[in-house]
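Working notes, structure below.
Chains as they are written, first to last, in the numbering used here: chain A, -3 to 106; chain B, 16 to 330.
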């Protein structure tokens, strides 16, 4: 969808897949993380311009006009960098190191 | 006597309150984390969370757009007298809150994906009941459980030979796998022992009912909670997975005895607003609103389980 529509930014939480990250590089698109703070975000909406697939109820798509919408953080950029991936990789390495220490400790105890 | 309409009104109020005004312990924890967070953008994001609480309260807006699946944890006094349709009391309250707040209709049939547009479905509202000897009240805690966090839940029937180290490893792996998706800073609920369904329910109650800073009454479990909290936050996942010091606000563990051949463990995540609202309704119609979570301390020590399940499986 990104390759077809070639939009330049998306806003969400939780991140997108590696495949999407690749497509983002081709298109020149960034992923902006927004925290789940709907009360604050509601106050930033100036106008609701359009609505699509309203039968999807809570998952319908709206075109909205916003001002100072955020805070937003560039979590995945158009150069193949993903903050989520970096953080998860670092966390996994830390976990492996601490597990190795655990095993050493319980080995020493027996 | 407690009537169906009294309970229904109360459930509507609790669902609405949980969606708009978060418990004080959670707010205090978020403010403290905002102060101490060293990662620049995570500090910024935590500031957004704190601002959001204020805006939600002042303008009566929901804290998060996901009103979750509505779950109601009931402590039912053996002396309480209820008259009417028990399930309808909850469903009626949920329908009213959905319309009046208003809330997104998020409950669907899992097979047909049909949506009744009122946040009820087969088995929803979810109602969990525990009997309390001698009490003349019914106490309801309404928890809108978001699904970003719920989807990250994990359960494993480990081997006894995996031991306590296996349990710890499983919990930490679940946190790394979840990353930013359960909307950290989370409250992590861990169930240990029991059976397949018991371990899941313990993890869930540990995550959603116990309050921030509340420690398990048994010292060795309390120590385990602190150890896991320290190790989870050392992973550096941070708010929404952006990296930072604050991945979990707390870790709570509940346990029950299990079989000699078993070592069940379950992990449930509660997202950052850790939403819950509680009230107690007495036979004489009096309603006591329990807001700041203080009362919940020591309520979920597992002591009310049957004596057969009281022994620790992981000593």
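Positions of the beta carbon are idealized from the N, C-alpha and C atoms, including for glycine.
- Annotation: Cβ neighbours of residue 88 of chain A in chain B (cutoff 7 angstroms, chain order): 191.
- Chain-ordered listing is empty here: chain A has no CB closer than 8 angstroms to the CB of residue 174 of chain B, the nearest sitting near 16 angstroms.
- From the listed residues B:225, B:151 and B:204, the smallest Cα separation to residue 298 of chain B is found for B:151.
- When secondary structure is reduced to three states using DSSP, residue 42 of chain A falls in the strand class.
- At a cut-off of 7 angstroms, the C-beta of residue 80 of chain A has a neighbouring C-beta in chain B.
- Selection A:48, A:4 and A:43 evaluated against residue 61 of chain A yields A:43 as nearest (Cα-Cα).
- Counting along the chain, no alpha helix (DSSP H) covers residue 87 of chain B; the unbroken beta strand (DSSP E) around it starts and ends at 84 to 92.
- When beta bridges are read from the DSSP output, residue 295 of chain B appears opposite B:154 and B:303.
- Taking the C-beta atoms as reference points, residue 140 of chain B is found nearer than 7 angstroms to residue 87 of chain B.
- Closer than 7 angstroms to the CB of residue 33 of chain A there is at least one CB belonging to chain B.
- Collapsing the DSSP output to three states places residue 159 of chain B in a strand.
- The Cβ of residue 98 of chain A sits closer than 7 angstroms to at least one Cβ of chain B.
- Residue 284 of chain B and residue 292 of chain B have their C-alpha atoms roughly 18 angstroms apart.
- Residue 263 of chain B carries a strand assignment under DSSP once its states are collapsed to helix, strand and coil.
- Chain-ordered, the chain A residues with CB closer than 8 angstroms to the CB of residue 121 of chain B read 54.
- DSSP, reduced to helix, strand and coil, places residue 244 of chain B within a helical segment of the structure shown.
- The criterion of a C-beta distance shorter than 7 angstroms is not satisfied by residue 71 of chain B and residue 264 of chain B.
- Membership of residue 172 of chain B in the beta strand (DSSP E) is indicated by the continuous run 169 to 173.
- Residue 204 of chain B is bridged by DSSP to B:267 and B:283.
- The C-beta distance from residue 133 of chain B to residue 157 of chain B rounds to 16 angstroms, too long to fall under 8 angstroms, and the pair is not in contact.
- Leaving aside the five residues that flank residue 256 of chain B on each side, the residues in its chain whose CB is nearer than 8 angstroms to its CB run, in chain order, 194, 195, 196 and 199.
- Using a 10 angstroms sphere on the CB of residue 49 of chain A, the tally of other CB atoms stays under 16, which defines it as exposed.
- Annotation for residue 109 of chain B: no beta strand (DSSP E) segment contains it, though the alpha helix (DSSP H) segment containing it runs 101 to 115.
- Rounded to whole angstroms, the separation of the alpha carbons of residue 47 of chain B and residue 36 of chain B is 18 angstroms.
- The segment 1 to 15 of chain A makes contact with the segment 60 to 80 of chain A: 3 or more CB pairs, one atom from each, lie closer than 8 angstroms.
- Apart from the 5 residues on each side of it in sequence, residue 206 of chain B sits with its Cβ closer than 6 angstroms to the Cβ of 214, 217, 218, 269 and 281 in its chain, given in chain order.
- The three-state reading of DSSP puts residue 20 of chain A in helix, counting H, G and I together.
- Rounded to whole angstroms, residue 38 of chain A and residue 79 of chain B show a C-alpha spacing of 10 angstroms.
- DSSP, read as helix, strand or coil, puts residue 98 of chain B in strand.
- Residue 126 of chain B has a beta carbon lying at 7 angstroms or more from every beta carbon in chain A.
- Listed in chain order, the non-local C-beta contacts of residue 16 of chain B below 7 angstroms within the same chain comprise 96, 98 and 298, local neighbours out to five positions each way being set aside.
- If you check the CB distance, residue 40 of chain A and residue 59 of chain A do not come in under 7 angstroms.
- Under the three-state reduction of DSSP, residue 13 of chain A is assigned to coil, being neither helix nor strand.
- If you draw a 10 Å sphere on the C-beta of residue 271 of chain B, you find 16 or more other C-beta atoms in it, and that means buried.
- At a cut-off of 7 angstroms, the C-beta of residue 65 of chain B has no neighbouring C-beta in chain A.
- Rounded to the nearest angstrom, the Cβ distance from residue 191 of chain B to residue 287 of chain B is 18 angstroms, too far for a contact under 8 angstroms.
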